[in-house]
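So the structure is just underneath, and the comments pick up after that.
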Amino acid sequence: MDCNPIHTTLMTSPVFRFAPSPNGELHLGHAYSAFLNRRLADMVGGRFLLRIEDIDVTRCTPEFESGIMRDLSWLDIDWEEPVRRQSDHFDDYQGALEQLVDADLVYPAFMSRGEVRARIVDAEAAGAPWKRDPDGAPHYPDDDRHLTASERRRRMSEGEPFAWRLHMERAVEHLHAPLDWTEDGEGPTGESGIVPASPLDWGDVIIARKEIPASYHLCVVTDDALQGITHVVRGRDLFHATAVHRLLQELLGLPVPRYFHHDLILGDDGRKLSKSQGDTSLSALRDAGATPGDIARMAGL
Numbered sequence: 001m002d003c004n005p006i007h008t009t010l011m012t013s014p015v016f017r018f019a020p021s022p023n024g025e026l027h028l029g030h031a032y033s034a035f036l037n038r039r040l041a042d043m044v045g046g047r048f049l050l051r052i053e054d055i056d057v058t059r060c061t062p063e064f065e066s067g068i069m070r071d072l073s074w075l076d077i078d079w080e081e082p083v084r085r086q087s088d089h090f091d092d093y094q095g096a097l098e099q100l101v102d103a104d105l106v107y108p109a110f111m112s113r114g115e116v117r118a119r120i121v122d123a124e125a126a127g128a129p130w131k132r133d134p135d136g137a138p139h140y141p142d143d144d145r146h147l148t149a150s151e152r153r154r155r156m157s158e159g160e161p162f163a164w165r166l167h168m169e170r171a172v173e174h175l176h177a178p179l180d181w182t183e184d185g186e187g188p189t190g191e192s193g194i195v196p197a198s199p200l201d202w203g204d205v206i207i208a209r210k211e212i213p214a215s216y217h218l219c220v221v222t223d224d225a226l227q228g229i230t231h232v233v234r235g236r237d238l239f240h241a242t243a244v245h246r247l248l249q250e251l252l253g254l255p256v257p258r259y260f261h262h263d264l265i266l267g268d269d270g271r272k273l274s275k276s277q278g279d280t281s282l283s284a285l286r287d288a289g290a291t292p293g294d295i296a297r298m299a300g301l
C-alpha cells in the first residue's frame with residue numbers, strides 16, 4: 001500500500017466509513033476493507049465510522065449484525081458511536097426519492113423479471129444485441145418510460161407491483177456539466193486521478209422497490225452526505241457504480257467525497273470472496289486458532 005495514498009487538501013477532519021451488510025458473516029475481504037479504512041483514517045488524523053447497511057430487512061438479521069461487531073472488536077478495530085443503521089432512517093431515503101419524483105427524473109417500472117427476460121430472449125433471437133451494464137446485467141426495457149401519466153396512476157392505484165427507476169437519459173440531460181470523480185486508488189484497468197463518470201452505461205437503474213424503500217445506490221449517497229463522509233474506501237468491484245453515485249449526488253445537491261477503490265481478496269478459484277458462496281468466515285478462522293495478526297497478514301496488510 002502506498003504510504004500516503006489519501007489526499008486531504010483543505011480538509012480539517014477527514015471521515016472514513018466501513019459499511020457492511022448484516023446478511024452473512026464477515027470474511028477476509030471485509031477484514032481487508034475494514035483494516036484499510038481504519039489505518040488510512042489514523043494516518044491522516046481522521047474519524048472512522050461504522051455503518052450497518054441493513055435496508056434489506058428480509059435478509060439482514062440482528063445476529064449477523066452482532067457478529068460484525070464481534071469480529072471487528074476481535075480485530076481491534078474501533079469505531080465512533082452511535083452506529084448508523086439504514087433500517088432506522090427510511091425517512092431520509094424517502095425524502096431523497098421524493099426529490100427525484102418531484103423533478104420527474106424517476107418513473108414507476110411495472111415489468112416483471114420474467115417479462116424482461118422474455119423481451120431480451122426475443123430481441124437476441126432476432127439478432128439484436130441487448131445492452132448490458134458494467135456488471136453484465138441487461139438494461140431495463142424502455143416501455144414504461146412511455147406510459148401516460150394517467151396509465152401510471154391507474155396501475156399504481158390498482159396495486160400493481162412496481163419499482164422506481166431512474167430515467168437515465170433525462171437525468172443526464174438535467175446536468176449542467178460532465179461528471180467525474182477523484183480516484184485515489186485505482187480502477188480495474190488502472191484508472192486513477194480525475195475519472196470521467198459514464199452513468200448512461202447503467203441504463204435505468206432501480207432507485208426503490210415496494211418491498212425495499214430504497215436501493216443501494218440511493219442509500220449510499222444519502223448516508224455518505226448525512227454522515228459527512230469525505231473519503232469512500234471500498235472494493236474495486238464498486239468502481240463503475242461510482243458513476244451512478246456521482247449522478248445522484250449532483251441531482252440531489254449532495255457533497256462529493258474522494259474515492260479509493262482497493263484490491264479484492266480472491267479465492268483459490270480466482271473469484272472474489274462472497275458471503276453468499278459460503279467463503280470462510282472470520283469467526284471460523286478465529287475458532288480454528290487464527291489471531292488478528294494472522295488475519296491482517298492473510299489479507300495482505
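Every letter in the sequence shown is one number past the one before it in UniProt numbering, and letter 23, counting from 1, is 23.
For every residue, glycine included, the Cβ atom is placed at its ideal position computed from N, Cα and C.
Contacting residues, own chain, Cβ-Cβ under 6 Å from residue i (five flanking each side not counted)
i	result
G293	none
R132	P138
H261	G185, R236, F239
A163	A109, I206, R209
Y32	I265, A299
H245	V221
V256	Q249
L100	V106
S281	E25, H27
I295	A31
Residues near residue i by beta carbon distance below 7 Å, same chain, minus five either side
i	result
S283	E25, G67, D71
P129	none
P213	F90, Y93, Q94
H167	L105, V106, Y107, R145, D204
G127	none
A96	L218, T222, L252
R85	I52, D54
R59	N23
Y140	A109, V116, R165, G203, D204
D263	R236
D76	P292
V57	S87
Classification of residue i by the beta-carbon crowding that lies within 10 angstroms, buried from 16 upward
i	result
L248	buried
D102	exposed
D135	exposed
P82	exposed
H30	buried
T9	Its pLDDT being 48, under 50, T9 is placed unreliably by the model, and nothing is read from it.
V221	buried
D88	exposed
A118	exposed
S13	exposed
R297	exposed
P188	exposed
L301	exposed
E124	exposed
E115	exposed
A171	buried
A288	exposed
A41	buried
E151	exposed
E65	buried
A34	buried
S215	buried
Coil, strand or helix - residue i by DSSP
i	result
I52	strand
R165	strand
R38	helix
S281	strand
R59	coil
L28	helix
L254	coil
E147	The residue you asked about is not Glu; residue 147 is Leu in the sequence shown. Three-state DSSP puts L147 in coil, outside helix and strand.
L264	coil
8 Å CB neighbourhood of residue i in its chain, flanking five on each side removed
i	result
D201	D133, P134, H240, A243
E160	F110
P62	P22
E80	R47, F48, L49, L50
L254	V221, T222, D224, A225, L248
N37	F16, R17, F18, F48, V233
H174	A103, L105, L251
Completely contained alpha helix (DSSP H) runs for the stretch 75 to 145, where each covers 4 or more residues: 90 to 102, 113 to 125
Can you check the stretch 168 to 251 for any beta strand (DSSP E) of at least 3 residues that lies completely inside it and give the ranges in chain order? 180 to 183, 193 to 196, 206 to 209, 231 to 235
At least 3 beta-carbon pairs within less than 8 Å: the stretch 191 to 199 vs the stretch 164 to 178: yes
So, does the stretch 221 to 237 touch the stretch 12 to 22, judging by three or more C-beta pairs under 8 Å? yes
How do the stretch 150 to 168 and the stretch 109 to 127 stand: do at least 3 beta-carbon pairs fall below 8 Å, yes or no? yes
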